[in-house]
Amino acid sequence: MRATLSSGVPSRNVLATQLPFRSPRLLFLNEVRPFGDAPSNHSMAGSTLLRFFRRGDREDKNKTEQAVERTRRTWFRRVTRVFQRSQIDDEMWDELEELLISADVGVTTSMKLLDGLRDRIRSQAISRPDEALQELKAEMADLLSPKDGARAMETDEPPLVLLMAGVNGAGKTTSIAKLANLYKNEGKSVLLGAGDTFRAAAVEQLQTWGERLEIDVVAHRQGADPGAVAFDSVQAAVSRNADVVIIDTAGRLHTRSNLMDELKKIRNVIARQGVARSLKVVLTMDATTGQNGLIQARAFTEAIDCDGVFLSKLDGTAKGGVVLAIADDLDLPVLFIGTGEQPEDIAVFDAENFVDGLFSTADAAND
Ligand SMILES: Nc1nc2c(ncn2[C@@H]2O[C@H](COP(=O)(O)OP(=O)(O)OP(=O)(O)O)[C@@H](O)[C@H]2O)c(=O)[nH]1
Ligand SMILES: [Mg+2]
42 MRATLSSGVP SRNVLATQLP FRSPRLLFLN EVRPFGDAPS NHSMAGSTLL RFFRRGDRED
102 KNKTEQAVER TRRTWFRRVT RVFQRSQIDD EMWDELEELL ISADVGVTTS MKLLDGLRDR
162 IRSQAISRPD EALQELKAEM ADLLSPKDGA RAMETDEPPL VLLMAGVNGA GKTTSIAKLA
222 NLYKNEGKSV LLGAGDTFRA AAVEQLQTWG ERLEIDVVAH RQGADPGAVA FDSVQAAVSR
282 NADVVIIDTA GRLHTRSNLM DELKKIRNVI ARQGVARSLK VVLTMDATTG QNGLIQARAF
342 TEAIDCDGVF LSKLDGTAKG GVVLAIADDL DLPVLFIGTG EQPEDIAVFD AENFVDGLFS
402 TADAAND
């Protein structure tokens, strides 16, 4: 379905700046115009959106290395040291187990990693600890490269609809700004939907990001039905031929079951608009919460099918080992990592970059 487009909208930010509180339905579809002078031709149709994040793997690698610096300095440098011994012995296994669990890898995932390492050492008759370290890295990279991870964010039927879920304060809204900026820099047309109508000033927060990034925001007033915001956001994206629409959600409602019910409702509203195949639920997790965050995340994955994780605030924590637990315990691909508070502070997650970052010797000379 394509709504009729008309010209005469004075500003690209008209949706965000001129209509917010006059009407509960901010967006009037017949006033929406396409991006730029001509509608987007959906240049990625039949292709994959993630493939457009080729702004340079080196940039993602550097950002990842910086973001895991605290985790590396606190835990993984000690893991490296465990392998600087003359032989593989029982003490080595005990120390490894303790360090991995301390780094928030979690008990189950740590055991699994070490069992995998034992198998590798046995089957390849490895006796040197430095070779065993290389096998641990390979085991970790294998665990982090989920079979369907690369496909998690693909769509050949634009617009790609991203629904950002997560507990309050997890970093949803900031992560939306980062994703929007990333897609925009890849030449994609992006629209945001202010689906957190519960928290005071949440709509304005997204609108401020929209103004800063010059990306339009579909918003209703505070207290409005988030399902209606999601509906209008998707309609606007369809009528504009937008490539991507990213919808914010509330992290807190009166009760947790309300929150999950609301999310399901929003998801269903979106799916009913014929974009079910392009809808991806992205769970935002705060890396600083480590294993506790995992418990909260599980409540989301039990309520709603999630397609992957945006792991925020990796730069601010030594609990980066939780990435391994997300992949293993939650069985979700980590798609993106947050590396700071600015829109450009994002890296596309890559298992090898991450493992290399954990074991990098880049900062050894400064100690
Ligand atoms: N250092 C760092 N800070 C981050 C990152 N992502 C988000 N933050 C900060 O975390 C705080 C909360 O971020 P929000 O984006 O408002 O979180 P939210 O999930 O939308 O919160 P609610 O709307 O209240 O549910 C803000 O101060 C952000 O600047 C990150 O990757 N690194
Ligand atoms: Mg928010």
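The numbering of the sequence shown is this note's numbering, which starts it at 42 and goes up by one. Positions of the beta carbon are idealized from the N, C-alpha and C atoms, including for glycine.
Buried or exposed: where does residue i fall if 16 or more other Cβ atoms within 10 Å of its Cβ makes it buried?
| i | result |
| --- | --- |
| Ala409 | As displayed, the chain neither begins before 42 nor continues past 408, which places residue 409 out of reach and without an answer. |
| Asp171 | exposed |
| Gly228 | exposed |
| Ala283 | buried |
| Asn333 | exposed |
| Arg308 | buried |
| Asn261 | Correcting the residue identity first, residue 261 is His in this sequence and not Asn. Buried. |
| Gly398 | buried |
| Asn299 | exposed |
| Ser164 | exposed |
| Thr296 | exposed |
| Asp302 | exposed |
| Ile288 | buried |
| Ser127 | exposed |
| Gly264 | exposed |
So does residue i have its beta carbon nearer than 7 angstroms to some heavy atom of ligand 4?
| i | result |
| --- | --- |
| Gly210 | No copy of ligand 4 appears in this structure; the ligands present are ligand 1 and ligand 2. |
Please state whether DSSP places residue i in a helix, a strand or coil.
| i | result |
| --- | --- |
| Asp197 | coil |
| Thr325 | strand |
| Ser88 | In this prediction, Ser88 has a pLDDT of 41, which is less than 50 and means its spatial position is unreliable; nothing more can be read from the coordinates. |
| Leu223 | helix |
| Val285 | strand |
| Ala146 | According to the sequence shown, residue 146 is Val rather than Ala. Looking at Val146 - three-state DSSP - the assignment turns out to be coil, as it is neither helix nor strand. |
| Leu177 | helix |
| Ile217 | helix |
| Val120 | helix |
| Phe351 | strand |
| Ala403 | coil |
| Ile338 | The amino acid at residue 338 is misidentified as Ile; the sequence shows Ala. Three-state result, Ala338: helix. |
| Ile167 | coil |
| Phe377 | strand |
| Leu294 | coil |
| Ile387 | strand |
| Ala206 | strand |
| Leu109 | In the sequence as displayed, the identity of residue 109 is Val instead of Leu. In this structure, Val109 counts as coil in the three-state DSSP scheme. |
| Gly234 | strand |
What does a CB cutoff of less than 6 angstroms around residue i pick up in its chain, not counting 5 residues either side in sequence?
| i | result |
| --- | --- |
| Ser186 | Ala392 |
| Ile167 | Ala173 |
| Glu136 | Val123 |
| Gln314 | Val275 |
| Ala218 | Trp250, Pro384 |
| Lys306 | Gly268 |
| Val258 | Ala57, Leu233, Ala235, Leu247, Gln248, Gly251 |
| Val364 | Val375 |
Closer than 7 angstroms: is that where the CB of residue i sits relative to any heavy atom of ligand 1?
| i | result |
| --- | --- |
| Asp386 | yes |
| Asp356 | yes |
| Glu106 | no |
| Gly381 | yes |
| Thr249 | no |
| Ser280 | no |
| Gly207 | yes |
| Thr342 | no |
| Thr325 | yes |
| Ser353 | yes |
| Ser127 | no |
| Ser151 | no |
| Ser230 | no |
| Ser186 | no |
| Ser401 | no |
| Ser216 | yes |
Tell me which residues share the same chain as residue i and place their Cβ nearer than 7 angstroms to its Cβ, disregarding the 5 neighbours each side in the sequence.
| i | result |
| --- | --- |
| Val310 | Gly268, Ala271, Phe272 |
| Ala338 | Leu324, Met326, Leu371 |
| Ala182 | Ala392, Glu393, Val396 |
| Lys104 | Thr380, Ala388 |
| Ser401 | Glu106, Arg113 |
| Ala312 | Leu320 |
| Trp134 | Leu155 |
| Ser151 | Glu138, Leu141, Ile142 |
| Gly292 | Gly207, Val208, Asn209, Gly210, Ala211, Lys213 |
Can you give me the Cβ contacts of residue i inside the same chain, cut-off strictly under 8 angstroms, excluding the 5 residues immediately before and after it?
| i | result |
| --- | --- |
| Ala179 | Arg161 |
| Glu100 | Ala388 |
| Thr358 | Arg111, Thr112, Ala328, Thr329, Gly331 |
| Lys354 | Gly212, Asp327, Ala328, Thr329, Gly379 |
| Ala206 | Lys213, Thr290, Leu304, Val322, Val323, Leu324, Thr325, Phe341, Ile345, Cys347 |
| Ser319 | Thr196, Glu198, Pro199, Pro200, Leu201, Val202 |
| Val316 | Glu198, Pro200, Val202, Val275, Val279 |
Task: Heavy atoms of ligand 2 versus C-beta positions, residues under 7 angstroms - done: Going along the chain, the residues that qualify are Lys213, Thr214, Asp237, Arg240, Ala243, Gln246, Asp289, Gly292.
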